[in-house]
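**Student:**
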Amino acid sequence: MDQVSWLKRRKRGIKDSKKREMPDGLWRKCEGCGEIVYHKELERNLWTCNKCGYHFRLQANQYRDILVDPGSFVELLSGIESTDPLEFVDSKKYSDRLTAAKKKTGHNSAVLTGSGRLGGHLAMLALLDFGFLGGSMGSVMGEKIARLTRMAIEERVPLITLSSTGGARMQEGILSLMQMAKTSAMLARLHDEGLLHVAIQAHPTTGGVTASFASLGDVIIAEPGALIGFAGPRVIQQTIREDLPEGFQRSEFLMEHGMIDIVVHRKELKDVVVKVLDFFTNDGPDRAEDTLGQARKQGL
Amino acid sequence: MAGWLEFEKPLLELEQRIDELRSFADDQNLDVAKELARLESKAEDLRKQIYGKLTRWQVTQIARHPRRPYTLDYVRMLGIDFTELHGDRRFRDDEAIVAGFGHLNSRKVVIVGHQKGRDTKQNIQRNFGMAHPEGYRKALRVMKLGAKFGRPIITFVDTPGAWPGIGAEERGQAEAIAVNLFEMSHLPVPIVIVVIGEGGSGGALGIGVGDRVLMLEYSIYSVISPEGCASILFRDAARASQAADAMKITAKDLSELGVIDETVPEPPGGAHRDPEAAGRAVGEAIERHLSELEQMGSVELVRKRLAKFMAMGEFKEV
Chain A
63 MDQVSWLKRR KRGIKDSKKR EMPDGLWRKC EGCGEIVYHK ELERNLWTCN KCGYHFRLQA
123 NQYRDILVDP GSFVELLSGI ESTDPLEFVD SKKYSDRLTA AKKKTGHNSA VLTGSGRLGG
183 HLAMLALLDF GFLGGSMGSV MGEKIARLTR MAIEERVPLI TLSSTGGARM QEGILSLMQM
243 AKTSAMLARL HDEGLLHVAI QAHPTTGGVT ASFASLGDVI IAEPGALIGF AGPRVIQQTI
303 REDLPEGFQR SEFLMEHGMI DIVVHRKELK DVVVKVLDFF TNDGPDRAED TLGQARKQGL
Chain B
73 MAGWLEFEKP LLELEQRIDE LRSFADDQNL DVAKELARLE SKAEDLRKQI YGKLTRWQVT
133 QIARHPRRPY TLDYVRMLGI DFTELHGDRR FRDDEAIVAG FGHLNSRKVV IVGHQKGRDT
193 KQNIQRNFGM AHPEGYRKAL RVMKLGAKFG RPIITFVDTP GAWPGIGAEE RGQAEAIAVN
253 LFEMSHLPVP IVIVVIGEGG SGGALGIGVG DRVLMLEYSI YSVISPEGCA SILFRDAARA
313 SQAADAMKIT AKDLSELGVI DETVPEPPGG AHRDPEAAGR AVGEAIERHL SELEQMGSVE
373 LVRKRLAKFM AMGEFKEV
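The structure is reproduced here in structure tokens:
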């Protein structure tokens, strides 16, 4: 089945993340086409359906394994954790939600930050985890991404962000909104320093994250069929009271409207990122040696 | 009493009675000084009673008051000889944001602000102050023009939020806001932000990155509207009042959270009760902050602006 037909078959909207956790069973029903897929085969295909191309949602450490050269990842800034500055309570206390999210994911925040090599290039990586409170951005995500960006500047290496998020974290109120300014301001510094930011957008990338660092890549790459936008489809529908066009706010739609550079199948994601790094950086040690070798050969 | 808030009405009625009594007494040449004094003191008590302990939801209603001064009202009250510049040079002119230049006292300044409408016709034209991407792009174009010639920038924030529509998404609402945050963070001229009414989420922040962020006393600034927060987290938009309390959205709250630099006091009851007084307070605050910022070179200015936003947020390190 081609990509267009699986898009049509997909249900709209953001679904409960619990349904997408990786099962222990041998078989798994594809959420795109409904086919039963062999677990091992899914894994081999990097959690994409080989029948319809549907991309299952991944956790940050799965993206780490897909993107980074084996053994090269070093987690950084892992000690930064959320507090509950507003003492926020809705149907549950925010502090209880945080505890539950930590228990469920085994991580202490919605973003995994660290350094690693991609095709030999050293880079800083910030990988968002939708499983942790919808990958929402509060003070911790803002701080980790801003500091990681500063480390990229200090080390003079590129920054790679991978987003999968519902947007700003309401439970930290205005402080969450300000993380948009904070991360964007640090990215402006990265830009002024002549360094590269590759932004990858996975399903879903919406709200305050799309309206800040996720849209500020020098190169913006999206996974197929990802929901990407500022406002969520339900909010838009409630506001304008019209049906939304076919494929609205999906990666392919965004590329068509000029908002994304490349839509890339997960199996080619690393290759494309490495190609971008190859072209736009000069500081991969292997490449530097190559260049030196070339120069020597030419007797320069 | 159309266009007034429920909790304002008892005071307004009393004030009306005082006015009537005064003009009646003048006409009839009667001495009502005693009665007037009694009513005035009653009005004063009522004022304290109503405005002394406003709930966050009441502040929200004042921030959205249909009579509240808007950007172009402040531009007029500040005595700025405003020349408006239109369009983003990409798609169209978005009237939900106004941009242009003029003199504030003797200083040349660039002005950008959300603009709401006073009546239905104006509100359709202005889209209730909810900008499309082209509004943010126009704002940035004019701010960059100002920066090119070293002119300080003043922005007035007053929007329910960026417009959530099909065209807005197609033309990159998120990208437009993101680029504004990025660019405003390193424009080499002083930027003073004044939240004059509603600071609605990314739509507000899209013209809200600067060296000083000021808020009028009865304005609000939040990550999502109280109604939006209520419908998502409380599953009921009617619980907006509860959401407003949970999110802490007033000038006092934001001052305590270290997000704003100054609260500009409003006349009793809010800016709409005495717009000129509000205008004077805003003018005084802008003048004071611009004078301070002009002492800094552009490198120092941008460095401090980055440090200001880097310091925002609360977390622990374990």
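Residue numbers (our numbering), protein chains in the order written: chain A, 63 to 362; chain B, 73 to 390.
A virtual CB, placed ideally from N, CA and C, is assigned to each residue, including glycine.
Treat the numbers as computed from the prediction; the structure is a model and nothing was measured.
Excluding the 5 residues flanking B:Trp129 on each side, which residues of the same chain have their C-beta closer than 8 Å to its C-beta?
**Tutor:** Once the five neighbours on either side are set aside, the close Cβ partners of B:Trp129 are Pro298, Ala312, Ser313, Ala316, Asp317.
**Student:** With DSSP collapsed to three states, give me the class of B:Val131.
**Tutor:** Here B:Val131 sits in helix by DSSP.
**Student:** So, B:Gly280 versus B:Ala234, is the Cβ gap smaller than 8 Å?
**Tutor:** Contact: no.
**Student:** According to DSSP, which residues form a beta bridge with A:Gly182?
**Tutor:** For A:Gly182, which the question treats as bridged, DSSP gives no partner whatsoever.
**Student:** Take B:Ala309 and list the residues in its own chain whose beta-carbon comes closer than 7 Å to its own, dropping the five residues that flank it on each side.
**Tutor:** Glu299, Ala302, Ser303, listed in sequence order.
**Student:** Skipping 5 residues on each side, what residues in its chain have a beta carbon closer than 8 Å to that of A:Glu372?
**Tutor:** No statement about residue 372 of chain A is possible, as the shown extent of chain A runs from 63 to 362 and does not include it.
**Student:** Would you give the residue range spanned by the beta strand (DSSP E) that B:Met287 belongs to?
**Tutor:** Unbroken beta strand (DSSP E) run through B:Met287: 284-288.
**Student:** Would you identify the three-state DSSP class for A:Gly8, choosing helix, strand or coil?
**Tutor:** Given a span of 63 to 362 for chain A in the structure shown, any question on residue 8 of chain A remains unanswerable.
**Student:** Going by other Cβ atoms of all chains shown within 10 Å of its Cβ, with 16 needed for buried, is B:Leu102 buried or exposed?
**Tutor:** Per the 10 Å Cβ criterion, exposed.
**Student:** Classify A:Arg256 as buried or exposed, calling it buried when 16 or more other Cβ atoms lie within 10 Å of its own Cβ.
**Tutor:** With the sequence shown as reference, residue 256 of chain A is identified as Gly, and Arg is not the correct amino acid for it. Result: exposed.
**Student:** Spell out whether any CB of chain B is found under 8 Å from the CB atom of A:Ala172.
**Tutor:** By this cut-off, A:Ala172 is not an interface position.
**Student:** I'd like the span of the beta strand (DSSP E) that includes A:Ser277, first residue to last.
**Tutor:** Run containing A:Ser277: none; DSSP gives neither H nor E here.
**Student:** Relative to the C-alpha of A:Ser198, which candidate in A:Lys329, A:Ala230, A:Pro295 has its C-alpha closest?
**Tutor:** Closest option to A:Ser198, Cα to Cα, is A:Ala230.
**Student:** Which residue wins for smallest C-alpha separation from A:Gly270, given the options B:Arg284, B:Ile296, B:Val266, B:Gly271?
**Tutor:** The option with the nearest alpha carbon to A:Gly270 is B:Ile296.
**Student:** Confirm, please, whether the CB-CB distance from B:Leu176 to B:Pro262 is below 8 Å.
**Tutor:** Not in contact: B:Pro262 and B:Leu176 (Cβ atoms no closer than 8 Å).
**Student:** From which residue to which residue does the alpha helix (DSSP H) around A:Glu105 run?
**Tutor:** Taken as a continuous stretch (DSSP letters only), the alpha helix (DSSP H) holding A:Glu105 covers 101-106.
**Student:** According to DSSP, which residues form a beta bridge with B:Tyr293?
**Tutor:** DSSP, once it has assigned bridges, lists B:Gly271 as partnering B:Tyr293.
**Student:** Might you give, ordered along the chain, the residues of its own chain that have their beta carbon closer than 7 Å to the beta carbon of B:Ile292, omitting 5 neighbours on each side?
**Tutor:** Taken in chain order, the residues that qualify are Val131, Thr132, Ala135, Glu270, Gly271, Ile321, Thr322.
**Student:** So, are the CB atoms of B:Ile109 and B:Leu83 less than 8 Å apart?
**Tutor:** Reading off the sequence shown, one finds Ala at residue 109 of chain B, where the question assumed Ile. Contact: no.
**Student:** Could you tell me the distance, in whole angstroms, from the CA atom of B:Arg89 to the CA atom of B:Gln100?
**Tutor:** In a straight line, the C-alpha of B:Arg89 is about 16 Å away from that of B:Gln100.
**Student:** Chain B partners of A:Gly270, CB-CB under 8 Å?
**Tutor:** Ser273, Gly274, Val295, listed in chain order.
**Student:** Can you tell me whether A:Val99 is buried or exposed, with buried defined as 16 or more other CB within 10 angstroms of its CB?
**Tutor:** Its Cβ being crowded by 16 or more others within 10 Å, A:Val99 is buried.
**Student:** Mind reading off the beta-carbon distance from B:Gly342 to B:Tyr146? Whole number of angstroms is fine, and I expect it under 8 Å.
**Tutor:** About 14 Å; that fails the 8 Å criterion.
**Student:** Rounded to a whole number of angstroms, what is the C-alpha to C-alpha distance between A:Ser157 and B:Tyr290?
**Tutor:** Cα to Cα, the separation comes out at about 30 Å.
**Student:** With a threshold of 16 other CB atoms inside 10 Å of the CB of B:Glu85, please say whether the residue is buried or exposed.
**Tutor:** B:Glu85 should be labelled exposed.
**Student:** Is any beta-carbon of chain B found at less than 8 Å from that of A:Arg303?
**Tutor:** So no, A:Arg303 is outside the interface.
**Student:** For B:Arg243, I'd like the list of residues in its chain whose CB is within less than 8 Å of its CB, leaving aside the five on either flank, ordered along the chain.
**Tutor:** If we look at B:Arg243 and ignore the five residues flanking it on each side, its Cβ neighbours are Phe163, His204, Pro205, Glu206.
**Student:** I'd like to know if B:Ile263 contacts chain A, where contact means its C-beta is closer than 8 Å to some C-beta of that chain.
**Tutor:** B:Ile263 does not count as touching chain A.
**Student:** Report the start-end ranges of each beta strand (DSSP E) in the region 155-189 of chain B that is 3 residues or longer and not cut off at the edges.
**Tutor:** Here the runs fully enclosed are 169-176, 179-186.
**Student:** So A:Leu278 contacts chain B; which residues on that side make the cut at Cβ distance below 8 Å?
**Tutor:** Simply Ala250, Val251, Phe254.
**Student:** Compile a chain-ordered list of the residues in the region 122-150 of chain A whose CB is closer than 8 Å to at least one CB of chain B.
**Tutor:** Cβ contacts with chain B: Gly141, Ile142, Glu143, Ser144, Thr145, Pro147, Leu148, Phe150.
**Student:** Quick check on DSSP: helix, strand or coil for A:Thr290?
**Tutor:** Looking at the sequence itself, residue 290 of chain A is Ile, so the reference to Thr does not match. Correct three-state label for A:Ile290: strand.
**Student:** Let me make sure I understand the geometry here. Which of A:Arg209, A:Ile290, A:Gly320 has the alpha-carbon closest to that of A:Leu139?
**Tutor:** It is A:Arg209.
**Student:** Hey, would you say B:Lys210 sits closer than 8 Å to B:Asp166, going by beta carbons?
**Tutor:** Result yes, Cβ atoms of B:Lys210 and B:Asp166 sit closer than 8 Å.
**Student:** On the premise that B:Pro141 lies in contact with B:Pro347, defined as a C-beta separation below 8 Å, what is that separation, rounded to the nearest angstrom?
**Tutor:** Rounded, the Cβ-Cβ distance is 5 Å, consistent with contact.
**Student:** If contacts are defined as beta-carbon pairs under 8 Å, then A:Thr223 and A:Ala261 qualify, I think. What distance do you get, rounded to the angstrom?
**Tutor:** Sure, about 5 Å apart at Cβ, within 8 Å.
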